[in-house]
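Here the sequence shown stands for residues 1360 to 1689, numbered as in the numbering used here. Okay, structure first, notes after.
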Amino acid sequence: MEGKKMWKKVLAAGLLGVLAAGVVAGCGSSSSGESSGKKMVGIVQIVQHPALDASNKGFVDALEKRGLMDKIEIDQQNAQGDQSNLQTIANRFVSGKYALIGAVSTPAAQAMANATADIPIVCTAIADFENAKLMASEAAPDGNVTGTHDRGPLDKQVALIRQIQPNIKKLGVMYNAGEINSLIQVERLKAECAKYGIEVVEVTANSINDVQQAAESFLGEVDAIFVPTDNVVASSIPNLMAVANRGKIPVYGAEVGHVESGAFASESISFYDIGYRAGEMAADILEGKKTVKDLPVEGAAQSKLYINQKEMETLGIQVPPSVLDRAELI
1360 MEGKKMWKKV LAAGLLGVLA AGVVAGCGSS SSGESSGKKM VGIVQIVQHP ALDASNKGFV
1420 DALEKRGLMD KIEIDQQNAQ GDQSNLQTIA NRFVSGKYAL IGAVSTPAAQ AMANATADIP
1480 IVCTAIADFE NAKLMASEAA PDGNVTGTHD RGPLDKQVAL IRQIQPNIKK LGVMYNAGEI
1540 NSLIQVERLK AECAKYGIEV VEVTANSIND VQQAAESFLG EVDAIFVPTD NVVASSIPNL
1600 MAVANRGKIP VYGAEVGHVE SGAFASESIS FYDIGYRAGE MAADILEGKK TVKDLPVEGA
1660 AQSKLYINQK EMETLGIQVP PSVLDRAELI
């Protein structure tokens, strides 16, 4: 009997050990590249929302198009919006001596860059590499980081708002003050709006739970709302829309994912395209054709207008035919 009890204890201890190992490994796909002889490529995304998902897909599609899938193994990780998770993921990639890291979003890029100066890091969906302290000059990367930025045409965004709402006086903007990418966009938005005497009313939401309450402060105070490519707000567009629709306030998004999630309109770049271009850069590095320093930061070549037809009807907005003619209705 004692022998059987001891054997059960051994089995239980072994099972706990296996479970613990699985927890330490982190969230995402597991890696076996070392045993298979393939190069390991880590991809990290700060949080899940349409824009970042599209960039991630573009990145992977470019690697696949280059014919690298039989030579590399991809370890996909999502930090679920948690900074401590980013650090754990960075440690995983660095200790595993990965051949390359793909970072989707500014917080993810900063965490990876702080963790290693040796592993090539190719980023996408970054507002500004220089202001994020990822490099001194986007035209001439000076370290182990390069990639593609997601700067949308704020001049076209403001022009769109003025075309649809020519009498606009106050434009609300909601963002997470902890995201450098959002701070940069808000400053640029204010500069653009100042040209037309439009007052920008700022409200911050530092977590998804803050979005609805922050949106309440816009009611009766602004003529429209603009959402930058902010990861917190992008993850909670339906909560923002529930409040904005109650006040019949049009919400303009910085990118098409916002419109797909319920916002009214956006002059948007393609996040898939910038992700794809970053993936091509990564492929060049993995194949030894180029180094990080050979690859200056790039951005989207063009943008496109998207309008949410259901939201247009909900708001009862009369969009000028000249705007509708060039829009893709979602």
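We put the CB at the ideal spot given by N, CA and C, even for glycine.
- Of all alpha-carbon atoms in Leu1445, Asn1535, Gln1677, the one lying nearest the alpha-carbon of phenylalanine 1623 is that of Gln1677.
- C-alpha of alanine 1686 to C-alpha of lysine 1515: approximately 13 angstroms in a straight line.
- In the three-state reduction of the DSSP assignment, histidine 1508 falls in the strand class.
- Looking at the DSSP output, glycine 1461 bridges to Ile1402, Val1481.
- The beta carbon of alanine 1413 sits closer than 6 angstroms to those of Phe1630, Tyr1631, all from its chain and outside the five residues before and after it, given in chain order.
- Using a Cβ distance threshold of 9 angstroms, threonine 1465 and phenylalanine 1418 do not count as a contacting pair.
- Taking 9 angstroms as the cut-off, the Cβ atoms of aspartate 1434 and glycine 1638 do not count as close.
- By a beta-carbon distance limit of 8 angstroms, asparagine 1535 contacts threonine 1563. Their separation comes to about 7 angstroms.
- Annotation: lysine 1607 to isoleucine 1584 spans about 11 angstroms, alpha carbon to alpha carbon.
- Between lysine 1652 and the set Cys1552, Gly1531, Glu1646, Gly1506, the nearest pair of CA atoms involves Gly1506.
- With distances taken between CA atoms, asparagine 1568 lies nearest to Ser1594 out of Glu1580, Ser1594, Ala1438, Ile1402.
- The alpha-carbon separation between leucine 1513 and lysine 1397 amounts to approximately 42 angstroms.
- With respect to alanine 1603, proline 1587 sits apart: the two C-beta atoms are not nearer than 9 angstroms.
- Here tyrosine 1555 is exposed: its Cβ has fewer than 16 other Cβ atoms, across all protein chains shown, within 10 Å.
- The Cβ atoms of isoleucine 1523 and proline 1609 lie closer than 9 angstroms to each other.
- Distance from arginine 1510 to alanine 1472 at the Cβ level is roughly 19 angstroms; contact not present, criterion being Cβ atoms closer than 8 angstroms.
- Sequence-distant Cβ neighbours of alanine 1462 in its own chain, meaning closer than 7 angstroms and more than five residues away, are Val1403, Ala1468, Met1471, Ile1480, Cys1482.
- Boundaries of the beta strand (DSSP E) harbouring isoleucine 1433: 1431–1437, taken from the DSSP string.
- The continuous alpha helix (DSSP H) containing methionine 1671 extends over residues 1668–1674.
- In terms of Cβ geometry, glutamate 1580 and valine 1560 form a close pair [threshold 9 angstroms].
- When secondary structure is reduced to three states using DSSP, leucine 1422 falls in the helix class.
- By the neighbour-count criterion, in which 16 or more other beta carbons inside 10 Å mark a residue as buried, glycine 1426 falls on the exposed side.
- Bridge pairing for serine 1627: Lys1663 [DSSP].
- Within the same chain, Cβ atoms closer than 8 angstroms to the Cβ of glutamine 1446 are found at Ala1470, Ala1474, the five residues on either side in sequence being excluded.
- In the DSSP assignment, phenylalanine 1585 falls within the beta strand (DSSP E) that extends over 1583–1586.
- Rounded to whole angstroms, lysine 1416 and serine 1681 show a C-alpha spacing of 33 angstroms.
- Alanine 1613 sits in coil when the DSSP states are folded into three classes, being neither helix nor strand.
- Each residue's CA atom was taken as its position, placing glutamine 1572 and glutamate 1657 some 37 angstroms apart.
- With a beta-carbon spacing of about 4 angstroms, methionine 1600 and glycine 1621 fall inside the 8 angstroms limit used to define contacts.
- Sixteen is the threshold: since fewer than 16 other Cβ atoms of the shown chains lie within 10 Å of the Cβ of asparagine 1526, the residue is exposed.
- A Cβ-Cβ separation of about 16 angstroms leaves leucine 1654 out of contact with alanine 1458 under the 8 angstroms criterion.
- Residues of the same chain with a CB within less than 7 angstroms of the CB of arginine 1521, apart from the 5 flanking positions on each side, are Ile1527, Tyr1555 in chain order.
- If you compare the alpha carbons of Val1591, Gln1661, Glu1558, Ile1666 with that of tyrosine 1611, the shortest gap goes to Ile1666.
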